[in-house]
Every structure is written in C-alpha cells, then in structure tokens.
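Notes follow the structure.
Numbering (my numbering), first residue to last: 48 to 259.
Have a look at this one:
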C-alpha cells in the first residue's frame with residue numbers, strides 16, 4: 048500500500064517493498080525490535096542500504112509499515128472469513144480477539160510493531176495515520192453495517208481502537224492476561240450497539256441488531 052499523496056509504485060517497486068517488509072517481519076519474529084537492523088534488512092531483502100532508506104527513512108518507519116502490512120493481511124482474512132456473530136458488538140469483539148490471538152503466536156513481532164508505534168514522532172505521522180485508518184476499516188467491516196455508520200458509532204469505533212491498542216500494550220508488558228484483554232474488548236465493543244429501546248436515527252443494521 049502506498050502512502051496517501053505518494054505516487055503509485057511500479058510493479059518492480061511494489062515487489063521490492065514487499066521483500067523489505069517480509070524481511071522486517073522475519074527479523075522481528077526472531078528477536079523483536081532490537082533484531083531489526085536496517086543493514087540486515089537490506090541484505091535479507093536483496094536491496095542496497097541506500098534504497099532501503101529511500102523507502103523507509105528509519106527503523107521506526109519500517110516497523111510501522113510492517114504493522115500496516117500485517118493489518119492489511121488481517122483485513123483480507125476478515126473478508127474471506129467474516130465473524131460468525133450477528134450483533135455488531137460481538138462481531139467486532141470476535142475480530143479483534145482473532146487479531147490478538149494471531150499476535151499472541153508471534154509476541155516478538157507484536158512487541159516490535161507496538162514499540163515502533165510508541166516511538167513514532169511527527170515524521171512518521173503519515174504511516175501512523177494509515178495504521179489508524181486500517182484499524183478503523185477493520186472494525187467498520189466487522190460491524191457488518193448495511194448503511195453508513197452514525198456519528199455515535201464512529202465515536203465508539205475511535206474509543207474501541209484506542210482500547211485495542213492500549214490492551215495490546217498492557218498485554219505485551221505482562222500487565223494484562225489474554226482473559227482480561229477479552230473482557231476489556233467485549234466491554235468497550237458494547238458501545239457500538241444502540242441503547243435498548245432506541246428508535247430511528249441510527250444506521251439500519253445497527254438498529255436492527257440492537258432490537259433483535
């Protein structure tokens with residue numbers, strides 16, 4: 048995925064970028080944030096070090112882009128295997144917990160990506176914004192709405208996104224178990240459902256789910 052406002056990549060450039068991201072993820076899986084060294088990424092992906100820096104000016108840029116790539120794969124998986132629940136809140140909770148369990152299987156990679164997000168400064172804002180937009184898109188798709196989300200639902204999605212990232216950090220630091228993460232995610236996802244007895248003014252699918 049090219050960054051917003053950037054010219055589209057040629058097929059050769061896109062393939063080179065894929066190789067770089069795969070090398071980054073491979074090294075991160077092996078030893079986390081510290082294992083991702085730009086020179087080793089360049090050698091592993093068969094590109095010159097200067098070329099690597101033209102694509103990604105720093106390790107933080109690279110690992111945030113790696114998280115973007117991982118989220119893109121999750122989004123594609125969601126389209127192939129949508130959540131089984133019918134209520135939007137349960138669908139989103141199922142999707143986010145599916146993502147958590149995938150990260151649980153690769154804790155070094157998860158730690159590297161989250162640390163990069165934590166270290167990101169204003170120079171990485173475009174990449175961080177892309178990660179945020181992808182997370183929002185995943186949540187909205189998981190909701191299964193037939194119409195546009197309401198302003199209230201969009202606000203709820205932002206809170207869910209913040210909670211998801213916070214829960215990921217507390218789990219990686221050993222301050223929360225997966226069981227506690229599940230409780231937190233399921234609790235915050237209930238913000239999506241309309242209040243009991245609410246009528247009209249909402250997106251059709253959300254209102255129907257809340258009233259069924």
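We put the CB at the ideal spot given by N, CA and C, even for glycine.
When DSSP labels each residue in this structure, what does residue i get in the three-state scheme?
i	result
residue 118	helix
residue 3	As shown, the chain starts at 48 and ends at 259. That puts residue 3 outside it, with no answer to give.
residue 151	helix
residue 261	For the chain, the structure presents residues 48 to 259; residue 261 sits outside this window and is missing.
residue 110	helix
residue 140	helix
residue 174	helix
residue 166	helix
residue 84	coil
residue 158	helix
residue 238	coil
residue 223	coil
residue 128	coil
Measure the alpha-carbon distance for residue i versus residue j and round it to whole angstroms.
i	j	result
residue 217	residue 227	10 Å
residue 165	residue 172	12 Å
residue 131	residue 102	39 Å
residue 160	residue 90	21 Å
residue 196	residue 114	26 Å
residue 95	residue 104	13 Å
residue 78	residue 156	8 Å
residue 97	residue 85	10 Å
residue 147	residue 81	22 Å
residue 240	residue 175	28 Å
residue 117	residue 108	14 Å
residue 223	residue 213	10 Å
residue 215	residue 236	15 Å
residue 221	residue 150	14 Å
Using 10 angstroms around the beta-carbon of residue i, count the other beta-carbons present and answer buried if the total reaches 16, otherwise exposed.
i	result
residue 230	exposed
residue 88	buried
residue 206	exposed
residue 142	buried
residue 64	buried
residue 154	exposed
residue 61	exposed
residue 201	exposed
residue 138	buried
residue 128	exposed
residue 55	exposed
Beta-carbon within less than 6 Å of residue i's beta-carbon, same chain only, minus the 5 sequence neighbours each way: which residues are those?
i	result
residue 92	66, 67, 70
residue 133	none
residue 140	232, 233, 236
Going along the chain, which residues of its own chain have a beta-carbon closer than 7 Å to the beta-carbon of residue i, five neighbours each way excluded?
i	result
residue 183	204, 208
residue 99	67, 85, 88, 89
Looking only at its chain, what residues have a beta carbon closer than 8 Å to the beta carbon of residue i, apart from the 5 residues adjacent to it on each side?
i	result
residue 219	154, 157, 158, 161
| Going along the chain, which unbroken runs of the alpha helix (DSSP H) with 4 or more residues stay wholly within the segment 57 to 82? | The segment 57 to 82 contains these whole alpha helix (DSSP H) runs: 58 to 78.
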